[in-house]
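See below for the structure under consideration.
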Amino acid sequence: MLAQFVLFDGFDPMDVIAPFEILGAGGTVTGGLLDVELVSAEGAREVPSGVPPISLRATGKLAPQRADLVIVPGGMGRMPADADDHADDSVLTVLTRALDTELPALLKEAADRPGSTVVGVCGGSLLLGFAGLLTGRPATTHPLGLEALARTGATVVPARVVDDGDLICGAGATSGLDVGLYLLERELGPRVAHAVEQLISYERRGTVWQNTGSAPLPV
10 MLAQFVLFDG FDPMDVIAPF EILGAGGTVT GGLLDVELVS AEGAREVPSG
60 VPPISLRATG KLAPQRADLV IVPGGMGRMP ADADDHADDS VLTVLTRALD
110 TELPALLKEA ADRPGSTVVG VCGGSLLLGF AGLLTGRPAT THPLGLEALA
160 RTGATVVPAR VVDDGDLICG AGATSGLDVG LYLLERELGP RVAHAVEQLI
210 SYERRGTVWQ NTGSAPLPV
C-alpha cells in the first residue's frame, strides 16, 4: 500500500508531519506493508511551509494512479475574518495559490480512481472543497473554516474525523494524529494501530463519524 502526502507552498507542517510519522511507523511495524512518500504537483523539489524556515523535500510527483492514500494538508497563515478574506497572509490565499497548479486535476484523478482514498487534514479539506471534490459529501475542517467549507457544497459535520468511504477528513491540525491512527486501523487493522498508538504514547480522540447506524433525534 502506498500513501502519498501532498506538499504545496505554504502548507501547514503539523498537518503533514504527525500523520506522516504515524503511517511510517505503521509501515515499520508491519514489515513494509505501507510505504509513505512526500510528493508535490510539480515533482521532486524543496517545498517551503507556511512556518519559515521549515521546509520539506518532495521526492517525486503525486501519482494518483499508484497511490492508495492521498493525504492533503492545509495551509498555514492568518485565519480569515470571513470566507471572502483573501489577504496575502491568509490561509485562503495560500490554498487558492495551490489551486493555480496541476494539483486540482491530480486530486480529481485520485478521487475518481476506484480503490483510492483521498484524505484532507484540517485546511486540506477546504482545498479539496475549492477543487470541487466535496459537493454533497460529509466533511469537516478546522472549526474556523466550517462556514467556508459549507460554501464549497460540502455537508459539514462538526466531528474530529469524518469517514465517507473514499473520502476522510480531519478537523484541526492536531486531528492529523487521529486521522493517521484511524487510517492504520481501517487499512491494516486495530492491532497495528494499537502498536503505533503505544509507540507514540497517544490515544485517539473523538468518535469517527460515519453515515451508518441509527440517526439520532435532535437534542
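Once you know that position 213 of the sequence shown is 222 in our numbering, the rest is easy, because the numbers rise by one and skip nothing.
C-beta: ideal position from N, C-alpha, C; glycine also.
Practice task
Please name the residue or residues paired with Glu-55 in a DSSP beta bridge.
Solution key: Arg-66
Exercise for the section: Please classify Gly-185: does DSSP put it in a helix, a strand, or coil? Expected result: Here Gly-185 sits in helix by DSSP.
Problem - Asp-172, enclosing beta strand (DSSP E) - first and last residue - result: 170 to 172
Exercise for the section: Could you check what DSSP says for Gly-84 in three-state terms: helix, strand or coil? Expected result: strand
Handout entry: Reduced DSSP category for Gln-207 - H, G, I as helix; E, B as strand; rest coil
Key = Collapsing the DSSP output to three states places Gln-207 in a helix.
Problem - Reduced DSSP category for Phe-17 - H, G, I as helix; E, B as strand; rest coil - result: DSSP places Phe-17 in coil when its eight states are reduced to three.
Problem - Euclidean distance between Cα positions of Gly-40 and Ala-34 - result: 10 angstroms
Problem - For Pro-57, the nearest candidate out of Asp-121, Leu-65 and Leu-32 (CA to CA) - result: Leu-65
Practice task
Tell me whether the beta-carbon of Cys-178 lies closer than 8 angstroms to the beta-carbon of Gly-222.
Solution key: no
Handout entry: Paired residues, beta bridge with Ala-148 - DSSP
Key = Val-165
Exercise for the section: Would you mind giving the Cβ-Cβ distance between Gly-189 and Leu-32, rounded to the nearest angstrom? I have them listed as a contact below 8 angstroms. Expected result: 6 angstroms
Exercise for the section: Have a look at Glu-206 and Pro-61 and give me their C-alpha separation to the nearest angstrom. Expected result: 30 angstroms
Handout entry: the segment 116 to 125 / the segment 162 to 173 touching (three or more Cβ pairs under 8 angstroms)
Key = no
Problem - Alpha-carbon spacing of Val-45 relative to Val-79, whole angstroms - result: 10 angstroms
Exercise for the section: Could you tell me the boundaries of the beta strand (DSSP E) in which Thr-126 lies? Expected result: 126 to 130
Practice task
State the start and end residues of the unbroken alpha helix (DSSP H) segment that holds Leu-43.
Solution key: It is not in any alpha helix (DSSP H) - Leu-43 carries neither H nor E in the DSSP assignment.
Handout entry: Rounded straight-line distance, which links the Cα of Asp-98 to that of Gln-219
Key = 34 angstroms
Exercise for the section: Within 10 angstroms of the Cβ of Val-201, are there 16 or more other Cβ atoms? Answer buried if so, exposed if not. Expected result: Result: buried.
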